[in-house]
Structures are given as C-alpha cells and as structure tokens.
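Notes follow once the structure below has been shown.
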Ligand code: TXA
Ligand code: MG
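Numbering (the working numbering), first residue to last: 655 to 969.
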C-alpha cells in the first residue's frame, strides 16, 4: 500500500512500522519514541534481537542529545561535516537512557546516520529520530525499490514511495578503536574517501581473540536470494544456465545473463545489485553462476560489491 507523506508521518507517530526510502536502500522505520513498534519491527523482519539498529537523524545537530563526550570530538565533527547527510554510519558511546535498549541490543553504543534522501530527512523532521534496518526479510537481498518491500512483506504493507534507491548499497559503518577509525561494515562510501580527512585509509576491522563482535550484523546470513549462487572464475564454452555477470562480457551460448551492469561502472553495478539478485527469485531460478572476475584489484566500491555477492552466495 503506497502512502502519502502525511499518512507516513501519522502512522510513525502513532507507533506503526512503515517502509521508507533512503538513498542507500529502503528502510523499515519505527520511531524511537515507540519501543513496542521497534519490537514489532524485529518480529516482522525476523531479525535477531542481538543485532542493533541504526538511528536515523534529520541533521547532525540532533546527535548531541544521545552521545557522551567523545574523546575525538574535533575529528567526529569533521566526519559529520564531510559525510552527512550521506551513507556514513557512526558507532558512538551513548547516554543509555536516551535510546530504548531494544533499539541498540542493550549495548552502551549506538549507530547513527543522517540520510541524504530529501524525503527521508523531511520525514524525520516531522517524526523525530527513526530506527531503520533495511526493509527486507532478514537474510534476503535488501530492498532498493518499493516493489522489493512488497515482495517481502506483501502488497498491503505500508510504503512511502521515494523512487529507486540511487546508491543501492547500505551505508559504511565506522567506529573508533584505540584512537583509529575502523570500518566495521563495508558500504557505499569507499575506504579511500576518508584519507583526506583522517590522513589514513581506515582498515576493515578484524576481530581480536575473545573480543565481542564489532558489528553484530556481520554474524548473520545476508543478502541471499533463494537461488544458490556459485562463484565462478572460468566459464567453459559448454557451461549453461543462469549467470549473474556483466553486460560488457560474453558468456557461453547456453547461458542466460542476469546483468549487474558494465564491469567498468561500479556505481551502476551497486545500484542494480539487489534488484538483479531478486530477479533470480522472481523467475524461479534455482542456481546461478556468479561471475567473480572483478576488474583489476578489488578495491573501492568493488570491495563492497564483492563482499555482498560472496555473502549472498553463502547459505
Ligand atoms: O544504509 C543503511 O545503513 C540502511 C538504511 C536503511 O539506512 N540501514 C541498514 O541497517 O543497513 P541494518 O540494520 O540492515 O544494518 C545496520 C548494521 C548492522 O550490521 C548492525 O549490527 C550495525 O549496523 N550496528 C548497529 N548498531 C551498532 C552498534 N552499536 N555497534 C556495532 N554495530 C552496530
Ligand atoms: Mg540489512
């Protein structure tokens, strides 16, 4: 069910769960003022309660009421100025009473971002901060269009239509550890984009022995279509079946291409990624070869795309 903007505001303020657009992927939104709605959101998605949510703000100045004095406040302000609104999520120490425990999996930290999509920010101005995981059933490919939300939650599910998500990949999540910012989830911002500001390229965090997970979401199955994806580096001429691959490559005659876009255009591939995985299920494909011959070094957005595709192929 497609909603008007005003109806979306009214439903969220009354404690309902609604799907809303962002520039990365569609989100399943609930107001932080309605813990019961947040509880319902976990149930609807089938999301483990140990996986905390991102708090979405209308502007950077809404952050102050949640956070403790941060050791590196100057750098934090610079990151906010450079990347918000946009697909950067910051994990910060918070004042626990400011956020329902259910939203943050009872952690002493929480994740925050200011979306770039103007409709989303306008919405948050009317509702106050919203928690939003991606608007897909847990484990499935994320939703980048209203139709994807309806595929997972049914045609009657309330959705605010904001068009296709233009980035197509979730936000990059970063956290400071021992004075250094680390990437705890790869996303729509490339690691090199932080260099001018931080003076270094943040590392993709790896767990030290005995440490609690840095990004709980990384523990769970993700982005998977029903179709089994088989990562492939060689395409023999007699290979046949579905292929998730690139529009500028030739595949054996017996193969049907589900195109991610051109292999020299990572932004376009990112935008198409989840829609392509969902097409496999729409067409009842049981198995698809996955072209993992990424151009040159796997870096920049390709690193995120490769990570998503590899996760999607794990059952
Ligand atoms: O682009 C996005 O980030 C989208 C749109 C809707 O904004 N949202 C999204 O949410 O991808 P979700 O719930 O699918 O992913 C949030 C990730 C999870 O991996 C979660 O574990 C991590 O952020 N996270 C949230 N709070 C955290 C915390 N306090 N510490 C570490 N990781 C946290
Ligand atoms: Mg997700």
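Glycine included, every Cβ here is placed at the ideal spot set by N, Cα and C.
Taking C-beta to C-beta, are residue i and residue j nearer than 8 Å?
i           : j           : result
residue 764 : residue 706 : yes
residue 811 : residue 655 : yes
residue 742 : residue 828 : yes
residue 847 : residue 942 : no
residue 879 : residue 892 : no
residue 823 : residue 914 : no
residue 724 : residue 747 : yes
residue 843 : residue 849 : no
residue 944 : residue 883 : yes
residue 775 : residue 783 : no
residue 678 : residue 890 : no
If you follow the beta strand (DSSP E) that residue i is part of, which residue opens it and which one closes it?
i           : result
residue 685 : 681-685
residue 928 : From DSSP, residue 928 is part of no beta strand (DSSP E) but of the alpha helix (DSSP H) over 920-936.
residue 941 : 941-945
residue 882 : 882-886
residue 764 : 763-767
residue 952 : Element bounds for residue 952: n/a, residue is neither H nor E.
residue 758 : Element bounds for residue 758: n/a, residue is neither H nor E.
residue 709 : 708-710
residue 839 : 834-839
Expressed to the nearest angstrom, what Euclidean distance is found between the alpha-carbon atoms of residue i and residue j?
i           : j           : result
residue 934 : residue 876 : 16 Å
residue 816 : residue 873 : 30 Å
residue 789 : residue 682 : 5 Å
residue 839 : residue 826 : 6 Å
residue 859 : residue 836 : 6 Å
residue 709 : residue 900 : 35 Å
residue 693 : residue 792 : 15 Å
residue 735 : residue 713 : 10 Å
residue 757 : residue 674 : 18 Å
residue 699 : residue 805 : 13 Å
residue 657 : residue 773 : 13 Å
residue 668 : residue 684 : 10 Å
residue 718 : residue 740 : 18 Å
residue 803 : residue 813 : 8 Å
residue 867 : residue 704 : 11 Å
residue 781 : residue 722 : 24 Å
residue 766 : residue 744 : 5 Å
residue 924 : residue 955 : 8 Å
residue 885 : residue 937 : 20 Å
residue 910 : residue 894 : 8 Å
Run the CB neighbour count on residue i, radius 10 Å, all protein chains shown included, and call it buried at 16 or more, exposed below.
i           : result
residue 963 : buried
residue 947 : exposed
residue 666 : buried
residue 961 : buried
residue 726 : exposed
residue 869 : buried
residue 762 : exposed
residue 778 : buried
residue 896 : buried
Just to confirm the assignment, what range does the alpha helix (DSSP H) spanning residue i have?
i           : result
residue 911 : Careful: residue 911 lies outside any alpha helix (DSSP H), inside the beta strand (DSSP E) at 909-913.
residue 718 : From DSSP, residue 718 is part of no alpha helix (DSSP H); its letter is neither H nor E.
residue 734 : 727-737
residue 691 : 689-699
residue 775 : 772-781
residue 820 : Careful: residue 820 lies outside any alpha helix (DSSP H) and carries neither H nor E.
residue 662 : 659-667
DSSP puts residue i in a beta bridge; with which residues?
i           : result
residue 826 : 742
residue 894 : BP columns for residue 894 are empty, so no partner.
residue 674 : 681
residue 784 : 685 and 710
residue 875 : Its beta-bridge partners do not exist; DSSP assigns none.
residue 851 : Its beta-bridge partners do not exist; DSSP assigns none.
residue 858 : 837
Residues surrounding the ligand COA [beta-carbon distance to nearest heavy atom under 7 Å]: No copy of the ligand COA appears in this structure; the ligands present are the ligand TXA and the ligand MG.
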